[in-house]
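One structure below.
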Amino acid sequence: MRGFLRRLAGHLTRGLVMIWVVVTFTFFLIRLMPGDPVQVQYEKLIAQGMSPDQAASATAVTYGFVPHGPVWKQYLEYLSGLIRLDLGVSVDSQGVAVADRVFGAMPWTVLLVLSGILVSFLVGVVLGVVAALKRSTAVGHSLSIAGSLLHGVPPFVIAIVLAAVFTRRYRWFPSGGQYNGDEVAPGFYYDFIGDVAYHAFLPAAAFAIASYGGWLLAMRSSVASVLGDDFLLAAELRGLTRMTRFRYLARNAILPLFTVLAISFGLVFGGSIFIERIFNYPGLGMLLFASIGARDFSMMSGAFLMITAAVIVANILADLLYTFIDPRVRRQA
Amino acid sequence: SESKPQAKAGGTYTTIDGNHAIDPQAPINPYAGKGNAFSGYNAMPLAFRKNHLTDHNQHYPAVAESWQVSADGGEVTIKLQPKAKWSDGTDLTAEDIKTSAAVAFALGGSIFAITPGTTGALGEVTIVDSKTIKFTQATGARNNTFLFGVLAMWVLPKSVYGPQLPADFWDLVKLGGSADPAKAVEAKAARDEITALGKKLIAFGPAKDVSVGPFVLDSVNASEAILVKNPHFYGVDKIGPDKVRLRNYTGNEQIWNYLTAGELDSAPFTATPTNVVNEILKVSGSKQIKGLSQVSAALAFNQKIAPFDKLEVRQALAYLIDRSEVQKVGAPDSGKPAEHTSGLIEDAAKQWIGDAEVGKLNAYSVDKAKAEALLTQAGLSKKDGKWMLATGQPFTFKLQVPNGFSDWVAAGKNIASQLTNAGIAVEATTSADYAVYQKEIAEGKYAAGFWLIALGPSTYNAYARLYGAANGWTAFGGKLTHNAPGASGNWIGSAETATVAGLGTLNPGELTYQLSQLPVDQSKDTIIKLARYTNEQVPMIQMWNYVNVQFINTTRYDNYPPDNCECLRLTHGVWMQLGYIQPKK
Amino acid sequence: MRLSVRQRFWRGVWVALKRRPSRILGVIIMALFVFMAIAGPWFYPDRLPYNVDNMYAPISWDHPLSTDFEGVDVLALVITGTRGVLLVAVAAGLVTMLVGTAAGLYAGYRRGAADSVLMRIADFALTIPGFPLLIVLTTAMNFGAWWKMALVLGLIGWGGLARAVRSQTLSLRERGFIEAARGLGLPTRHIVTKELLPNVAPFIATNLLMAVTGYIYAQVGLYFLGVLPLDTSNWGVMLNAAVFQSGALISPDALPYLLAPLGAILLLTLGVVLIVDALEEIFNPRLREG
Amino acid sequence: MSIVELSTETLPGVAISGLTIAYRTDAGELAAVSDITLGLPAGTITGLVGESGSGKSTLALSLLGAVQKPGRVTAGSVVIDGIGDITKLDEHALQSVRGAQIGYVFQAAQNSLNPLKTVGKQLLDLGRSHRVKDLRGLLREAKVLLSRMGLAAERVLDSYQHELSGGMRQRVGIMFALVLNAHLLVLDEPTTALDMITQANILQIVRDVHAERGLTTLIVTHDVGVVAEVADRMAVMYGGRVVEHGQTMEILGAPRHPYTRGLISAIPRLTGPVDAAKPLPGTPPTLGTIPRTGCVFRQRCPLRMEICDTVAPAMIGGVACHAVNETEQL
Amino acid sequence: MIEGRGITKTFASRGGVLGSQSVTALRGVDFLIPRGGAVSFIGESGCGKTTLGRILAGLETYDGGQLIVGDTDLSTLKPKAREPHFRRVQLIHQDPYSALNPTRTIESTLRDPLRLRAAQTGKPASWVASQTEELLSLVGLDPSYVLPRYPHQLSGGMRQRVVVARALTVEPEVLVADEAVSMIDVSLRLGILGLLRQLRETLGVSILFITHDVATARYVGADGELYVIYRGQVVERGPVETVLADPVHPYTQCLLSAIPVLHGLERPGEDRLVPKEPLDEKMEPAGCLFAPRCPFATEVCVSERPVLGRLGGTPQHHACFFPASRHVVATPLR
Ligand SMILES: Nc1ncnc2c1ncn2[C@@H]1O[C@H](COP(=O)(O)OP(=O)(O)OP(=O)(O)O)[C@@H](O)[C@H]1O
Ligand SMILES: Nc1ncnc2c1ncn2[C@@H]1O[C@H](COP(=O)(O)OP(=O)(O)OP(=O)(O)O)[C@@H](O)[C@H]1O
Ligand SMILES: [Mg+2]
Ligand SMILES: [Mg+2]
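Residue numbers (this note's numbering), protein chains in the order written: chain C, 48 to 380; chain A, 409 to 993; chain Y, 180 to 469; chain L, 81 to 410; chain S, 35 to 368.
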């Protein structure tokens with residue numbers, strides 16, 4: 048247990064340092080970006096048909112809310128706010144706390160990512176085992192090639208194809224949104240959950256399809272290497288049943304995948320920009336994309352920070368899970 | 409577990425407020441750029457401006473039932489809707505309007521500026537009786553936009569916003585607006601206090617919507633806002649739908665998608681390619697309403713960069729580009745090729761200065777020979793089918809367009825193709841997004857780009873796009889100054905004056921500034937000068953005039969506004985207030 | 180003697196390829212793309228001819244993949260777009276290879292503080308979600324020139340390779356031959372370039388190929404989202420225009436315009452996947468002998 | 081000694097006859113074990129020595145019908161008393177025979193335990209796989225065996241593989257092989273990579289349990305010393321063939337096959353003249369370089385004759401060598 | 035000549051600083067390798083043999099003591115300056131499979147150190163080629179066969195010879211052979227051992243022979259010294275034949291007793307000894323390190339740690355309070 052705590056403490060420190068670096072990096076990076084949100088707002092309103100003085104008065108109020116003062120001071124303020132989980136206020140949506148907006152969007156992305164990863168993990172692992180066991184047959188070979196192919200194909204391609212077929216050509220799934228606010232209100236009941244699932248299905252499927260190839264490949268090579276381990280032969284020679292041996296194999300082969308799991312969170316979260324954009328699903332990715340377009344500095348930093356933090360947390364969880372499952376690490380304490 | 413009551417007879421009307429991104433965390437405050445208050449639904453001004461070709465003072469009554477303007481335009485007396493009530497059931501009174509004016513002051517802008525000496529500012533608000541209120545322009549200041557400045561003011565409930573304001577607010581306004589040099593320090597302090605108050609107010613929003621409009625906000629999620637009918641609305645019997653579902657706007661493609669799925673009852677103006685228009689119109693009940701749009705897309709040049717400083721070159725380019733082809737590629741459904749470059753849209757120009765004057769303008773019909781002559785005259789020469797500058801360099805440039813503006817991108821590519829075929833290698837290139845475009849075009853980084861012009865109906869607004877800050881002229885405190893090209897946002901860089909045949913030497917900046925003060929009926933001559941100047945000097949080539957095309961679906965509702973309705977530019981909530989949009993029997 | 184080593188290598192390559200016909204297919208596909216990248220633009224004029232009266236033309240011999248919103252032949256767009264796509268990706272791949280290999284070798288061979296620092300940085304590069312970062316960077320840095328973008332892509336993506344090379348180096352380091360070389364007093368430069376490098380080559384090659392594909396996607400993705408300047412013809416630009424300008428997801432007329440770049444991406448991926456399959460055998464002298 | 085003789089024993093003896101096992105390789109199917117006929121008399125310890133690649137493990141695995149792919153038995157049989165020809169058993173029968181009637185012990189350095197489960201849990205898996213009703217009894221039996229081998233039984237059962245030393249693992253391996261009362265025990269290089277003292281200890285245990293339980297034991301090793309320590313009988317393998325077999329003492333005292341002789345005289349000793357040890361010329365063959373015809377050892381043989389190139393020598397009187405047979409017949 | 039005085043080495047375990055559970059691999063080891071001589075270290079697994087060899091070859095640092103190469107005390111030098119001295123010691127790795135770079139031919143493996151040497155000593159390029167062939171011939175390989183080949187194309191014995199040849203490129207004074215034959219086929223072992231012996235005679239190279247297998251140690255250096263090391267401490271040291279014939283330390287006796295007897299050829303020693311307990315590395319006795327396992331341990335053994343000396347007037351050095359000669363080694367029948 049002490050070992051576990053020590054490990055956890057190590058992870059947290061490293062995670063915090065990482066977050067600090069990301070915060071610093073994005074803070075300064077974002078301030079390098081060209082564009083003035085006030086001007087952007089004004090021209091956008093004009094382009095949308097508002098008269099210039101209407102647009103001017105609508106945007107004038109924004110002025111004065113753009114952060115002022117020397118950059119280092121802003122930086123310190125930002126950091127001190129961060130400790131209180133205060134990410135500042137949006138430049139683009141007046142009066143909206145970035146933290147509220149980001150935490151509001153976060154669960155939706157996490158929902159997509161988690162369900163996508165979970166499904167792809169299950170499917171990928173099962174097919175990976177098949178691909179490894181049938182390695183030398185046509186089935187195994189084509190499974191691996193298909194896995195590599197899907198692993199290689201970028202998520203946006205998959206999302207485009209899914210969107211084209213299932214929301215545009217056949218309108219089996221909704222063309223956007225998290226749920227239909229006209230028909231259901233948030234709550235813990237069947238209709239709402241069903242509607243959320245209905246809306247999340249395609250984007251989550253895109254995540255799943257985009258990442259399942261990776262699991263398949265990882266599992267295949269993991270199984271292949273475990274198959275070469277002596278303990279499986281030993282188990283066979285001790286007359287353990289096929290089922291028992293399979294369980295031995297599966298558990299040992301899945302274990303190293305937890306490290307892959309950690310890395311894949313980063314990739315998958317990164318893909319959320321495309322997938323949410325294509326499926327018009329308002330999560331963190333959309334938020335980040337929209338805030339970049341609007342030059343909403345604080346929102347941008349907030350969304351980016353949250354994506355990074357989610358990845359770091361996922362990394363830590365994956366590693367702790369690994370620690371928990373693998374006695375070689377667990378018992379080291 | 410809870411479930412919403414189903415919508416009754418009127419049903420749910422689904423549309424998009426193109427001006428408003430939905431933000432679940434934003435306050436219910438019409439001033440907030442992303443507030444959850446939607447014009448014409450739960451956010452109401454005193455009146456809605458009509459889309460009139462030339463008169464910017466024409467309005468549909470809203471919370472103001474009627475209004476009277478004094479002869480000099482400096483005093484506006486407003487009669488409020490006698491039946492107007494807030495959605496919480498309380499009466500709307502002149503007190504509410506005075507509070508609304510106070511909030512408008514706190515947030516500044518337009519006639520609510522408190523900078524001493526600002527032209528056209530509001531001086532005083534007087535309650536006449538509980539349903540009548542008078543707005544007086546500050547003495548000494550004059551501006552012909554006072555009426556619409558007053559009428560455009562958002563109406564807010566005193567019960568909600570009153571407590572946010574200090575008791576001595578109006579004294580602060582008076583003090584802040586004082587031009588007395590002896591009180592300068594106090595005035596500044598007062599203005600600072602008001603600004604601070606503005607910061608607070610813009611982020612403020614009631615927990616629950618208190619609306620005077622036809623609808624009340626019910627719920628918002630990241631992709632839509634749900635509004636329900638306000639039973640206390642003064643014109644409630646005209647309102648068809650029981651509920652409105654406003655979906656978030658994330659891009660044109662999304663709207664096309666909704667429309668082809670038949671998921672919208674109406675959509676805001678959306679640039680749409682022909683093949684998609686055809687798809688949309690295949691959907692049963694799908695129709696288009698077309699009307700006036702007072703915007704033009706133009707190709708703009710940076711005259712600091714050679715050879716755009718040469719008038720002949722700009723004119724030659726105007727002769728070379730086939731504008732109808734550009735429009736066909738860029739805005740096939742929502743545009744009409746511009747006939748003349750005049751700085752105004754075609755119909756407005758005819759109204760302001762008459763057909764005869766418009767007829768005198770050069771149409772720059774495609775004419776290769778003339779273009780070649782002009783280019784040669786400007787010192788360029790043609791070698792192997794390619795135009796060379798006097799310096800011996802080939803004449804090439806990049807045509808910049810902001811990413812995401814699908815019509816401009818397509819049009820830009822087409823212009824590039826056309827010019828390249830004519831021997832001028834042009835590449836259309838996009839900026840990462842509109843923000844970058846804005847910044848870089850203002851910094852003079854682009855040789856050529858797209859620009860929106862001819863914003864009407866105020867001719868001042870239209871010409872300020874050409875001869876305003878972007879071209880070096882800025883008005884401050886009633887004085888016009890001119891900045892050199894490349895400085896203070898002057899990226900167009902025209903000469904300060906130029907001689908126009910038959911009109912002598914003109915300063916377009918000055919002429920434009922005059923338009924803001926001249927009474928409308930005395931502005932014709934100035935407009936003629938500016939139109940002729942623009943036509944001959946071609947600071948920009950007007951490509952196409954927009955047409956306001958809106959898709960509607962008549963499956964669930966009918967009685968939509970007709971083509972060319974003056975209400976077309978207003979939100980569909982306003983259409984409903986006008987009695988349009990009724991559920992199908 | 181030297182020649183025979185090389186000959187043997189190529190014979191090994193051939194043996195590895197021959198083992199599965201799919202690998203040969205992969206080589207053919209890759210060769211096709213490389214050919215398109217190098218020679219493609221020579222077949223077409225600088226500016227592709229357009230015809231506004233022939234938008235989204237039906238598929239025909241003249242336009243086997245239809246035409247775009249301006250009436251430009253889509254096949255021509257795909258072919259001429261290859262060069263830009265591959266150029267950036269390969270250049271970025273080279274950056275990644277240089278940085279990742281150098282960092283991985285150095286960290287793994289030197290260990291100690293340099294190792295910790297480098298690996299923290301690599302972790303950082305790995306953890307921070309690359310694509311969002313890229314978008315932020317794009318807007319901040321304005322990737323006008325292809326090399327800028329290649330540089331940034333490469334610098335973002337080196338973490339994985341560095342880690343792979345490092346762990347490989349760490350395990351090689353414990354192998355007798357590296358210790359022996361140290362014991363013989365061979366200079367570090369020799370040890371790293373002659374002893375370590377050839378042994379990590381297969382990892383580098385595989386990672387590089389995967390990285391290059393990754394960069395192709397990142398780049399196409401950025402263009403697709405529309406955050407990069409559209410001044411080059413690029414598959415991503417086509418995708419962007421097809422979806423957001425031509426409504427190809429909705430309108431069947433414009434569908435070929437969408438499918439063409441998608442198909443190109445899929446085909447390229449297939450080629451890469453099939454070749455990676457053969458890489459390990461090619462680089463392992465034991466397997467190479469057949 | 082003939083096979084018929086062996087089968088009269090009551091304990092399970094093993095009769096391997098004409099066994100040929102081939103691996104499929106790029107160069108075609110190559111025999112790793114060729115035409116081996118060998119008996120493991122019941123109740124004896126037989127040592128199988130041979131150098132790396134001579135086919136020892138392949139042969140050992142064939143006793144459990146567990147030759148691994150891409151290898152297969154191409155000819156011959158392995159008849160175990162009470163079980164029958166194991167090469168003919170189906171998967172299910174094999175599974176119930178393995179572990180229960182034939183125990184197999186892996187090389188010490190190899191990891192023959194599931195790293196994610198404790199020894200005790202794996203023991204229960206073993207019991208369930210073999211439908212043992214009395215799992216408590218099984219645990220008790222395991223504890224007895226472990227204590228017998230000098231281990232703290234409770235602690236070992238609660239340990240993971242990585243918590244055990246090489247010697248402990250090997251004893252656990254032996255426990256697994258015997259806990260279900262197998263009577264045929266196959267040990268493949270049980271002491272390789274263990275140090276001297278541990279090796280001696282393990283060999284002692286092997287000897288003791290063998291005697292206590294009346295086992296038939298095959299111990300595979302490349303170390304003649306190990307065979308000399310424990311085995312009653314020994315067989316020497318070279319290039320996939322048994323070149324000599326017989327009583328250990330006899331073979332060590334008077335090796336007849338030139339390979340056996342070379343092998344034994346190449347072992348340096350602790351006492352006596354240092355230079356008594358003589359190297360064997362040449363190198364052992366690999367699967368690809370084993371001569372397909374004639375005598376497998378002829379390339380390194382000091383007694384090579386013409387016939388050796390073409391005819392594989394038959395096993396006569398425990399030795400397969402043309403030269404030896406010729407001289408002995410004289 | 036290489037001499038070690040009180041070499042100590044402690045490894046901090048990988049648990050990190052927090053959970054450090056260090057392993058003491060060497061506890062003040064003294065040794066002397068005379069020029070052209072042979073010294074053998076034997077002992078159980080984990081007793082520190084490899085660590086010592088690696089320290090000598092400069093691949094591992096040591097914590098305390100002095101290492102004297104020739105006339106130079108390395109402890110007084112800066113790390114950089116030690117390097118050339120370490121080159122005089124070359125390590126022959128246990129595993130010939132990993133000791134050669136699989137991606138390089140034998141020729142290039144041998145050529146590079148020779149080139150370096152040629153550059154340093156100003157020898158012509160042709161020297162490299164001739165030296166390559168000469169070295170290979172010296173280790174008993176056919177240059178024309180071996181040179182163009184990759185390691186995987188050679189047998190284990192050939193590989194180990196190549197490893198030896200490579201070590202010889204720098205003309206070392208000492209070869210450290212760490213289990214140099216344990217992974218080599220039985221029939222080839224003697225060849226390698228003979229080679230090492232021959233190198234001692236022809237080149238005057240000293241051999242530090244590290245092994246479990248005492249007989250092979252004796253084969254390489256019957257005239258040398260045998261060091262018996264237990265848990266990082268030398269417990270007995272003396273001429274090979276003396277220690278074998280009359281070991282006095284109970285640990286040595288246990289170790290020698292464990293050597294299998296070739297029944298039929300040999301008769302086991304009559305006093306064969308088995309330790310009481312298995313090795314427990316975690317236990318750190320205050321007294322004699324071997325006391326917990328020693329069948330003869332007394333109270334003083336448990337409380338006091340004996341040092342290497344000649345207590346009891348034995349011909350060899352030992353670290354035991356009660357040295358007693360026992361006959362544990364097998365004797366040949368004929
Ligand atoms: N899976 C396999 N595929 C191909 N050849 C194999 C396979 N397993 C073993 N062989 C070959 O069969 C021959 C005999 O192998 P085996 O493992 O039985 O030898 P061994 O005597 O046990 O050797 P060692 O002492 O190295 O364990 C060897 O030449 C080996 O290369
Ligand atoms: N790099 C290291 N880090 C930590 N501990 C080590 C390291 N190297 C060796 N040790 C420990 O030092 C002790 C001595 O190890 P060493 O390898 O020298 O033993 P050895 O006598 O060579 O053993 P063997 O006979 O198994 O090769 C062992 O307990 C070992 O675990
Ligand atoms: Mg074996
Ligand atoms: Mg060692």
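Cβ atoms here follow ideal geometry from the backbone N, Cα and C, with glycine treated the same way.
According to DSSP, which residues form a beta bridge with S/Gln100?
What you label residue 100 of chain S is simply residue 66 of the fifth sequence in a count that begins at 1. DSSP lists S/Arg39 as partners of S/Gln100.
From C/Ala309, C/Val145, C/Ser272 and C/Asp139, pick the residue whose C-alpha is nearest to that of C/Arg131; which is it?
Position 84 of the first sequence, counted from the start, is the residue given in the question as residue 131 of chain C. With distances taken between Cα atoms, C/Arg131 lies closest to C/Val145.
Other residues of its chain near A/Asn869: CB distance less than 7 Å, five sequence neighbours each side excluded:
Here residue 869 of chain A refers to the residue found at position 461 of the second sequence. Correct list, in chain order: Leu863.
Count the other C-beta atoms from every protein chain shown that fall within 10 angstroms of the C-beta of Y/Arg202, then say buried if there are 16 or more, exposed otherwise.
Stepping through the third sequence from its first residue, residue 202 of chain Y is reached at position 23. Burial call: buried.
Looking only at its own chain, which residues have a Cβ that is under 6 Å from the Cβ of A/Tyr845, when we skip the five neighbours before and after it?
Indexing the second sequence from 1 puts residue 845 of chain A at position 437. Closer than 6 Å at Cβ, skipping near neighbours: Pro810 and Ser839.
Count the other CB atoms within 10 Å of the CB of C/Ile240; is the residue buried (16 or more) or exposed (fewer)?
Residue mapping note: residue 240 of chain C aligns to position 193 of the first sequence, counting from 1. Looking at its Cβ environment, which holds fewer than 16 other Cβ atoms inside 10 Å, C/Ile240 is exposed.
Partners in chain A for Y/Leu428, counting only beta-carbon separations shorter than 8 Å:
Here the question's residue 428 of chain Y lines up with position 249 in the third sequence. Glu661 and Asn665, listed in chain order.
Please confirm whether C/Met353 and C/Leu331 have their CB atoms less than 8 Å apart.
Stepping through the first sequence from its first residue, residue 353 of chain C is reached at position 306. Stepping through the first sequence from its first residue, residue 331 of chain C is reached at position 284. In this structure, C/Met353 sits near C/Leu331, with a CB-CB distance shorter than 8 Å.
Tell me whether the beta-carbon of Y/Asp456 lies closer than 8 Å to the beta-carbon of Y/Tyr235.
On the third sequence, residue 456 of chain Y is found 277 positions in, with the first residue counted as 1. On the third sequence, residue 235 of chain Y is found 56 positions in, with the first residue counted as 1. Not a contact, by the Cβ cut-off of 8 Å.
Please decide whether C/Asn327 counts as near chain Y, where near means a Cβ-Cβ distance under 8 Å.
As a working mapping, residue 327 of chain C is identified with position 280 in the first sequence. By this cut-off, C/Asn327 is not an interface position.
Chain Y partners of S/Ser132, CB-CB under 8 Å?
Here residue 132 of chain S refers to the residue found at position 98 of the fifth sequence. Those within 8 Å of S/Ser132 in chain Y are Arg354, Gly355 and Phe356.
Indicate the three-state DSSP secondary structure (helix, strand or coil) for A/Thr962 in the structure shown.
Position 554 of the second sequence, counted from the start, is the residue given in the question as residue 962 of chain A. Note: A/Thr962 maps to coil in three-state DSSP.
Tell me the rounded alpha-carbon separation between Y/Arg190 and Y/Phe462.
The residue given as residue 190 of chain Y occupies position 11 in the third sequence. The residue given as residue 462 of chain Y occupies position 283 in the third sequence. So the alpha carbons of these two residues sit roughly 12 Å apart.
For A/Glu720, would you say it is in contact with chain Y, using Cβ-to-Cβ distances shorter than 8 Å as the test?
Here residue 720 of chain A is taken as the residue at index 312 of the second sequence, counted from 1. By this cut-off, A/Glu720 is not an interface position.
For L/Gln327, tell me which candidate among L/Pro92, L/Gly98, L/Gly127 and L/Ile116 has the shortest Cα-Cα distance.
As a position in the fourth sequence, residue 327 of chain L is number 247, starting the count at 1. Checking every option, the nearest Cα to that of L/Gln327 belongs to L/Gly127.
Going by the beta-carbon positions, is the gap between S/Leu170 and S/Val180 smaller than 8 Å?
Stepping through the fifth sequence from its first residue, residue 170 of chain S is reached at position 136. Stepping through the fifth sequence from its first residue, residue 180 of chain S is reached at position 146. Against a cut-off of 8 Å, the Cβ pair of S/Val180 and S/Leu170 comes out as a contact.
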